[in-house]
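Trainee:
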Amino acid sequence: MATFESALHGGVYNTQQDGSFGQTVYRLTPYAAVELRYPVQAVSASGVSHVIEPIAQLVWSETYGDPAPNEDSFIVEFDEANLFALDRLPGSDRRETGARANIGLSYSRIAPSGLTVGVAGGVVLRSDDQGQFTDGSGLNGVQSDFLLATHVSFNERLSLVNRSLFDSRFSFTSSELSLLWTSDRHNVTSTYTFLEADLGEFRPDDLAEWAFDGSYGLASGWEAGVNWRYDFIENSPSRAGLSLGFANECVDMEFSVSRRYTASTSVEPATSFGLTVSLAGFGAGREGRSTARSCRG
Numbered sequence: 003m004a005t006f007e008s009a010l011h012g013g014v015y016n017t018q019q020d021g022s023f024g025q026t027v028y029r030l031t032p033y034a035a036v037e038l039r040y041p042v043q044a045v046s047a048s049g050v051s052h053v054i055e056p057i058a059q060l061v062w063s064e065t066y067g068d069p070a071p072n073e074d075s076f077i078v079e080f081d082e083a084n085l086f087a088l089d090r091l092p093g094s095d096r097r098e099t100g101a102r103a104n105i106g107l108s109y110s111r112i113a114p115s116g117l118t119v120g121v122a123g124g125v126v127l128r129s130d131d132q133g134q135f136t137d138g139s140g141l142n143g144v145q146s147d148f149l150l151a152t153h154v155s156f157n158e159r160l161s162l163v164n165r166s167l168f169d170s171r172f173s174f175t176s177s178e179l180s181l182l183w184t185s186d187r188h189n190v191t192s193t194y195t196f197l198e199a200d201l202g203e204f205r206p207d208d209l210a211e212w213a214f215d216g217s218y219g220l221a222s223g224w225e226a227g228v229n230w231r232y233d234f235i236e237n238s239p240s241r242a243g244l245s246l247g248f249a250n251e252c253v254d255m256e257f258s259v260s261r262r263y264t265a266s267t268s269v270e271p272a273t274s275f276g277l278t279v280s281l282a283g284f285g286a287g288r289e290g291r292s293t294a295r296s297c298r299g
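What follows is the structure, encoded as structure tokens:
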């Protein structure tokens, strides 16, 4: 299956009190892409479905016009959602340019029992390195890091999700592993995150953190929550918190206490307390607790 896609983005910038840029700047970026997909599906006698889909996409884009200030395109997140995007930069002040090939392969397994497995991987190849991306983004250079994303779901209650970027020497730029467990009364998320140091993303040191977030419905309208962060670089907890909330058709309130353990030359460890109250009709309630639609009183 072959598809063709094109797009055109334009912008006008008016800059005051900055001699680095012209006062009025006009910019135009055309895009053109050709994509080839070849999905193959097989269904076993037990009803298990297997789908394999190789994808190749050729993209070209170029920006015409004078330089403009960059205020919204610093931090780039490279994942399976934008592997085949025309532009992976998050904002409009910078546009991804040059000729490139986005190559990937995906596999999915869906079983009647509710077990679902998905794996996707890919890489970006460029005709030349235009220096648009930082080292920590995984997109710098003529060849990007390899992307590997995995998702395993058990009856929509328990899920395991991993997303990693690594180079040809299997050195990881970033990796995130999450476990999600939900039911009618509780929600639990446990995540390990590693990010390589990248000054371009305002991260001078490596980040390796384990995060835990959980909530549990105690009784009608009442919910307790807990969160915890552990810093593997410092080998110590970085943050912890507890909360207790109540919601009904008239009011939504929450009391919380949190402790920040990390310290620096300008910030000391601290404990903080919070109380929030929201009346029905004056603000949106928090997600996670269901309440009646109207307040009768």
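In this text, residue positions in the sequence shown follow this note's numbering: the first is 3, and each later residue adds one. The beta-carbon is built from N, C-alpha and C at its ideal position, and this holds for glycine as well. Model, not experiment: these values are computed from the prediction.
1. Residue 138 by DSSP, collapsed to three states: which one?
2. Whether or not the region 156–175 and the region 87–106 are in contact is what I'm after, with contact meaning three or more pairs of Cβ atoms, one per stretch, closer than 8 Å; do they touch?
3. Look at the Cβ atom of residue 87, then the Cβ atom of residue 38, and state whether they are nearer than 7 Å.
4. Look up residue 202 in the DSSP assignment and say whether it is helix, strand or coil.
5. Measure the C-alpha to C-alpha separation of residue 238 and residue 232 and round it to an integer number of angstroms.
6. So what does residue 244 bridge to, in DSSP terms?
7. Determine the extent of the beta strand (DSSP E) in which residue 132 is found, giving its start and end residues.
8. Could you check how far apart the C-beta atoms of residue 203 and residue 76 are, in whole angstroms? I think they sit under 8 Å.
9. In terms of alpha-carbon separation, which member of 142, 121 and 186 lies closest to residue 154?
10. Across which residues does DSSP place residue 14 in a beta bridge pair?
11. Which runs of the beta strand (DSSP E), 3 residues or longer, sit entirely within the region 85–124?
12. Where DSSP assigns a beta bridge to residue 159, which residues make up the other side?
13. Cβ of residue 7 within 7 Å of Cβ of residue 35?
14. Taking its Cβ as the centre, do 16 or more other Cβ atoms sit within 10 Å of residue 175, making it buried, or is it exposed?
15. Anyone know if the C-beta pair for residue 63 and residue 26 falls short of 7 Å?
16. So, are the CB atoms of residue 22 and residue 55 less than 7 Å apart?
17. So, for residue 11: in the same chain, excluding its five sequence neighbours on each side, which residues have a beta-carbon less than 6 Å away from its beta-carbon?
18. Would you identify the three-state DSSP class for residue 57, choosing helix, strand or coil?
19. Between 129, 140 and 177, which lies nearest to residue 152 when the distance is taken from Cα to Cα?
20. Hey, how far is the Cα of residue 17 from the Cα of residue 89?
21. If you draw a straight line from the C-alpha of residue 219 to the C-alpha of residue 247, how long is it?
22. Distance, Cα to Cα, residue 293 vs residue 254?
23. Which residue's Cα is closest to the Cα of residue 271: 260, 112, 277 and 281?
24. Going straight from the alpha carbon of residue 149 to that of residue 263, what length do you get?
Mentor: Looking at the atomic coordinates:
1. Taking the first residue of the sequence shown as 1, we reach residue 138 at position 136. In the structure shown, the three-state DSSP call for residue 138 is helix.
2. No: fewer than three Cβ pairs fall under 8 Å.
3. Locating residue 87 in the sequence shown gives position 85, where the first residue counts as 1. Locating residue 38 in the sequence shown gives position 36, where the first residue counts as 1. Not closer than 7 Å, so no.
4. Walking along the sequence shown from the start, residue 202 turns up at place 200. Reduced to three states, the DSSP call for residue 202 is helix.
5. The residue labelled residue 238 in the question sits at position 236 within the sequence shown. The residue labelled residue 232 in the question sits at position 230 within the sequence shown. A straight-line Cα-Cα distance of about 6 Å links residue 238 and residue 232.
6. Working through the sequence shown from its first residue, we reach residue 244 at position 242. 228 and 259.
7. Taking the first residue of the sequence shown as 1, we reach residue 132 at position 130. Here residue 132 belongs to no beta strand (DSSP E), and DSSP marks it neither H nor E.
8. Numbered from 1 along the sequence shown, position 201 holds the residue referred to as residue 203. Numbered from 1 along the sequence shown, position 74 holds the residue referred to as residue 76. Contact holds; Cβ gap of about 7 Å.
9. In the sequence shown, the residue the question calls residue 154 occupies position 152. Put simply, of 142, 121 and 186 the residue whose alpha carbon is nearest the alpha carbon of residue 154 is 121.
10. In the sequence shown, counting from the first residue as 1, residue 14 sits at position 12. Per DSSP, 28.
11. 100–112, all fully within the region 85–124.
12. Along the sequence shown, one-based indexing puts residue 159 at 157. DSSP output for residue 159 lists no bridge partner at all.
13. Residue mapping note: residue 7 aligns to position 5 of the sequence shown, counting from 1. Residue mapping note: residue 35 aligns to position 33 of the sequence shown, counting from 1. Between residue 7 and residue 35, the C-beta spacing is below 7 Å.
14. Taking the sequence shown and counting its residues from 1, the one referred to as residue 175 is at position 173. Buried.
15. Working through the sequence shown from its first residue, we reach residue 63 at position 61. Working through the sequence shown from its first residue, we reach residue 26 at position 24. At a Cβ-Cβ threshold of 7 Å, residue 63 and residue 26 do not count as neighbours.
16. In the sequence shown, counting from the first residue as 1, residue 22 sits at position 20. In the sequence shown, counting from the first residue as 1, residue 55 sits at position 53. No. Outside cutoff.
17. Position 9 of the sequence shown, counted from the first residue, corresponds to residue 11. In the same chain as residue 11, and ignoring 5 residues on each side of it, the C-beta atoms closer than 6 Å to its own belong to 31, in chain order.
18. As a first step, residue 57 must be located in the sequence shown, where it is residue number 55. It is a strand residue.
19. Walking along the sequence shown from the start, residue 152 turns up at place 150. That would be 177, whose Cα lies nearest to the Cα of residue 152.
20. Counting from one through the sequence shown, the residue named residue 17 turns up at place 15. Counting from one through the sequence shown, the residue named residue 89 turns up at place 87. Straight-line Cα distance between these residues: approximately 25 Å.
21. By one-based count along the sequence shown, residue 219 stands at place 217. By one-based count along the sequence shown, residue 247 stands at place 245. Whole-angstrom Cα-Cα distance: 9 Å.
22. Locating residue 293 in the sequence shown gives position 291, where the first residue counts as 1. Locating residue 254 in the sequence shown gives position 252, where the first residue counts as 1. Note on residue 293: pLDDT 47, under 50, position unreliable in the model; no value is reported.
23. Translated into positions along the sequence shown, residue 271 becomes position 269. Selected option, being the one with the closest Cα: 260.
24. Numbered from 1 along the sequence shown, position 147 holds the residue referred to as residue 149. Numbered from 1 along the sequence shown, position 261 holds the residue referred to as residue 263. Going from the Cα of residue 149 to the Cα of residue 263 covers about 34 Å.
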